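At position 588 of the sequence shown the residue is numbered 799 (the working numbering), and the sequence of numbers has no breaks. Think of the CB as a built atom: it goes at the ideal place given N, C-alpha and C, for glycine as much as any other residue. Please read these numbers as outputs of a predicted model, since none were measured by experiment. Data first, discussion second: the structure below is written as structure tokens.
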Amino acid sequence: MLSFAVAGGGSPAEAAAATPVAGQYVPLTPARIVNLQPVAGAATYSFSPLGKGGVPASGVSAIAYQLHALSATGNGTVTAFPAVAGSSPPGTSNLNFVKDVWADNAVVTKLGTGGQISLYNGSTTAAEADVNVDVVGYYTAAGSSTVGSTYVPLKPVRIVSEKPNAAAAYYDVTPLGQGGVPHSGVTAVVAHVTTTASTAGTLLAFPLGATHPTASDNHYATGGRFTAQTTVKLGTNGTFRIYTTTAVTLWVEIVGYFQDSTGSATGSVFTAVTPARVLGRPVITADTTSTFALAGLGGVPATGSSAVAFNLTAYSESGTLAGGISVYAADEAQPVARQLSYQASTRRWPTQQVSHLSQDGKVAIHNTAAGSVVLLIDVLGYYTPTGLRASGLPWSSGVNPQSQTTERADDFADFRGAKVDNVTLFPRRDNWDTVDDAQWIEDGLPSGFTPARDDLIMTIPLWPGGGVNNAKFTGTQTQWQDLARTIAHADPDAYVRLGWEMNLPNWYWKLTKDNQADWQASFIQAVQWMKAAAPGLRIVYNPNKGADQTCDNECSVQVFEAVRDYVDVYAIDSYDSWNPDTGTAGTDEHFNGYRRLNESLALATANGTKFAVAEWGVACNIYNADPNLNCQWYGHAGGDNPQYIHDYMGWFADNAGDLAYESYFDEPGAYIRSSLSDTPIGPLAPAAYKAEIAANKM
212 MLSFAVAGGG
222 SPAEAAAATP
232 VAGQYVPLTP
242 ARIVNLQPVA
252 GAATYSFSPL
262 GKGGVPASGV
272 SAIAYQLHAL
282 SATGNGTVTA
292 FPAVAGSSPP
302 GTSNLNFVKD
312 VWADNAVVTK
322 LGTGGQISLY
332 NGSTTAAEAD
342 VNVDVVGYYT
352 AAGSSTVGST
362 YVPLKPVRIV
372 SEKPNAAAAY
382 YDVTPLGQGG
392 VPHSGVTAVV
402 AHVTTTASTA
412 GTLLAFPLGA
422 THPTASDNHY
432 ATGGRFTAQT
442 TVKLGTNGTF
452 RIYTTTAVTL
462 WVEIVGYFQD
472 STGSATGSVF
482 TAVTPARVLG
492 RPVITADTTS
502 TFALAGLGGV
512 PATGSSAVAF
522 NLTAYSESGT
532 LAGGISVYAA
542 DEAQPVARQL
552 SYQASTRRWP
562 TQQVSHLSQD
572 GKVAIHNTAA
582 GSVVLLIDVL
592 GYYTPTGLRA
602 SGLPWSSGVN
612 PQSQTTERAD
622 DFADFRGAKV
632 DNVTLFPRRD
642 NWDTVDDAQW
652 IEDGLPSGFT
662 PARDDLIMTI
672 PLWPGGGVNN
682 AKFTGTQTQW
692 QDLARTIAHA
702 DPDAYVRLGW
712 EMNLPNWYWK
722 LTKDNQADWQ
732 ASFIQAVQWM
742 KAAAPGLRIV
752 YNPNKGADQT
762 CDNECSVQVF
772 EAVRDYVDVY
782 AIDSYDSWNP
792 DTGTAGTDEH
802 FNGYRRLNES
812 LALATANGTK
822 FAVAEWGVAC
832 NIYNADPNLN
842 CQWYGHAGGD
852 NPQYIHDYMG
862 WFADNAGDLA
872 YESYFDEPGA
882 YIRSSLSDTP
892 IGPLAPAAYK
902 AEIAANKM
């Protein structure tokens, strides 16, 4: 094996720089900051969370907490709102309590004058109640130096279903890699936890590894399902614990997560508002769904919001039927999820929601009961995407523009109705002079390319052709560092697909069993030299999908695991071929086949990198007697296949948090004929692609 001296630099991949932005979230281990505070009927109690329970003394715009009412002498409501001199309660509610029953709900509240929050007891019968406040996190204010997390809403998904938990026991939940939650970079999740029990008790969620706090999320009774929302910080190994005082059966749904600065999905920041009741008292009949526009109401902007936080209160119209509520974006399919439970009584049941909005600003609410339910909706705040990509999509979506010109990249953007976030270029690679050609890069960038926002992806052989270099001599330090500076001049944090498709036999830089040690050492040396000259470059290790065609010992996996400390992204190329994505079997092959999408994603995350689909596209399936015009994968490709487009775009959306980028290979020639924008092989795949782009825009 070759042994190289390191010429400066050579550090592994580094996380992107973090920047404080107002409305970022900082999760905390739950802490009780108000304990057994009596509040008389029609009275208001005000408190400041600043400097308590992990909340800093300044730089806070709102806090997230669990609100409890107990020892009530009668029935009533509790309303939380920002304490401002001369202000009155806003005519909303966060909690509904009844005599001698503990009531709970998650709340997020904007801070008022001096960082104060007011709690108003709205009992009309002068009932007194004690209140507890357990803080679980806070949102930063403008000017704060604290770097928090941004919110990524998801389609509600059940990740724990009907699991038993013994009395005084812990049930550990690891949401990473489930339901759209990425495998890394997650600080907290928004979860709905539902219980059934034969003995009443208390539930608490908190980060694994933390000391069991004095706090609670829900006090459940018997005789039905009880649901609580919790925004819970993740602890050791990305896990949180659920503690119950009595034996229960558990369900857990995830509706979103908070990501740190290493997250790759488009995140959103929060703006709290003074609570406002909207939409009157709508009724949803048995087993039906209604949609409600929240954009433009209660302080939510008419456009531009990704999600809304609101308190949802439900009660049985007849008072005799129990049921459950699902809340989701109106343009999504109804999920198998429950975000609120109400009982067969006249009591009102509140549960805070943080719901993804449809593109036209609506949520859908489904009632599972056999009877009608009455709703109350109180808006608490909204989330706005920050650092939006040029495409407006939640992930980095781009193009390999064959002929590699600005015009081709722009044409693809015009065709799909969204700018590209990345562009993949293939330099001429006969010798070092042609590889290191700055004009070649400039000529291929799309109009308006902005390095701080967009990504250049350079496809570089491990050594140029022409018989000059080989696995033992891939070039000099000067050559590699000049190339690195050329790339970084166009984009300081460009991706470099170094030695891509090394497991295919036709490339002269192919990886084999015979050259494996030298190839690996050369890869490391090239990265070290490039990083020393341009430390912001991000290295992509990019075999072709499926089994290695150059060795029988999984040499590309062995090398990846050996060089992973020098790699930022693990990628595959995955066209609609061998086998095409047609029917259930074809889809399963693309998703779950050997080293296809899911297995490759798992390999990336297991080795601490992001994942990319560096090349993808439909492929022609037309025979031509002229071998120069025959489709490369004739007999093994899907042709004009909209299912492939739909499945891949859906997979990208579901895995945006783990996806560094995807780049469509838009090639109009006879080789693959994957182009959607220029002489496509049919109308169906282009139409499906445009529809998916439109449907996924934020």
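| query | result |
| --- | --- |
| Check whether the stretch 677-696 and the stretch 749-766 are in contact - that is, three or more C-beta pairs closer than 8 Å. | no |
| Can you tell me whether A273 is helix, strand or coil according to DSSP? | strand |
| State the start and end residues of the unbroken alpha helix (DSSP H) segment that holds T697. | 688-701 |
| Looking only at its chain, what residues have a beta carbon closer than 7 Å to the beta carbon of G710, apart from the 5 residues adjacent to it on each side? | P672, L673, W720, F734 |
| Within 10 angstroms of the Cβ of A864, are there 16 or more other Cβ atoms? Answer buried if so, exposed if not. | buried |
| Could you please give the first and the last residue of the uninterrupted beta strand (DSSP E) stretch that includes Y900? | Unbroken run through Y900 is the alpha helix (DSSP H), 895-907; no beta strand (DSSP E). |
| Can you tell me whether DSSP reads K821 as helix, strand or coil? | strand |
| Does the stretch 458-469 come into contact with the stretch 398-414, if we say contact requires no fewer than three beta-carbon pairs (one atom in each stretch) closer than 8 Å? | yes |
| In the DSSP assignment, find the unbroken alpha helix (DSSP H) run with W862 in it and report its ends. | 853-865 |
| May I ask which residues mark the beginning and end of the beta strand (DSSP E) holding I892? | I892 -> no beta strand (DSSP E), and no H or E assigned at all. |
| Among residues of its own chain, excluding the 5 on either side of A699, which ones have a beta-carbon nearer than 8 Å to its beta-carbon? | A705, A744, A745, G747, L748 |
| Looking at Q550 and E653, is the spacing between their C-beta atoms short of 8 Å? | no |
| Below 8 Å between beta carbons: does that hold for P367 and P249? | no |
| With distances taken between CB atoms, is the gap from P662 to P703 smaller than 8 Å? | yes |
| First and last residue of the beta strand (DSSP E) that includes E528? | Unbroken run through E528: none, as it is neither H nor E. |
| Quick one: using the 10 Å Cβ neighbour count with 16 as the cut-off for buried, is G348 buried or exposed? | buried |
| Can you name, in chain order, every residue of its own chain whose Cβ lies under 8 Å from the Cβ of G270, other than the five neighbours on each side? | T351, A352, G354, S355, S356, T357 |
| Buried or exposed for A226, please, with buried defined as at least 16 other CB atoms from any protein chain shown within 10 angstroms of its CB. | Note on A226: pLDDT 35, under 50, position unreliable in the model; the coordinate value appears next. By the 10 Å Cβ count, A226 comes out exposed. |
| Tell me whether the beta-carbon of Y382 lies closer than 8 Å to the beta-carbon of L415. | no |
| Is there contact here, the stretch 480-492 with the stretch 506-522, by at least three beta-carbon pairs under 8 Å? | yes |
| Check this for me: beta carbons of L808 and S785, under 8 Å apart or not? | yes |
| Round the Cβ separation of D858 and T798 to the nearest angstrom and send it over; I've been treating them as touching at under 8 Å. | 6 Å |
| I'd like the span of the alpha helix (DSSP H) that includes G794, first residue to last. | 794-803 |
| Span of the alpha helix (DSSP H) holding V646? | 643-646 |
| List the whole-angstrom C-beta distance separating V295 from T324, where the pair is believed to meet the contact cut-off of C-beta under 8 Å. | 5 Å |
| Opposite Y752 in the DSSP bridges: which residues? | Y781 |
| Around the C-beta of S874, are 16 or more other C-beta atoms found within 10 angstroms, so that it is buried, or is it exposed? | buried |
| Which runs of the beta strand (DSSP E) fall wholly inside the stretch 538-596 and span at least 3 residues, in chain order? | 551-553, 560-567, 573-578, 584-596 |
| Assess contact between the stretch 369-384 and the stretch 282-302, defined as three or more Cβ pairs (one per stretch) separated by less than 8 Å. Is contact present? | no |
| Determine contact between the stretch 610-628 and the stretch 870-888, defined as no fewer than three beta-carbon pairs at a distance below 8 Å. | yes |
| Can you grab the Cα-Cα spacing for the pair R806 / P894, in whole Å? | 30 Å |
| For the beta strand (DSSP E) containing I925, list its first residue and its last residue. | In the structure displayed, the chain extends from 212 to 909; residue 925 sits before or after that span and is not available. |
| Return the CA-CA distance between P657 and A540, expressed in angstroms with no decimal places. | 33 Å |
| By DSSP, does E464 sit in helix, in strand, or in coil? | strand |
| Leaving aside the five residues before and after A581 along the sequence, list all residues of the same chain whose C-beta is less than 8 Å from its C-beta, in chain order. | A497, D498, L532, G534 |
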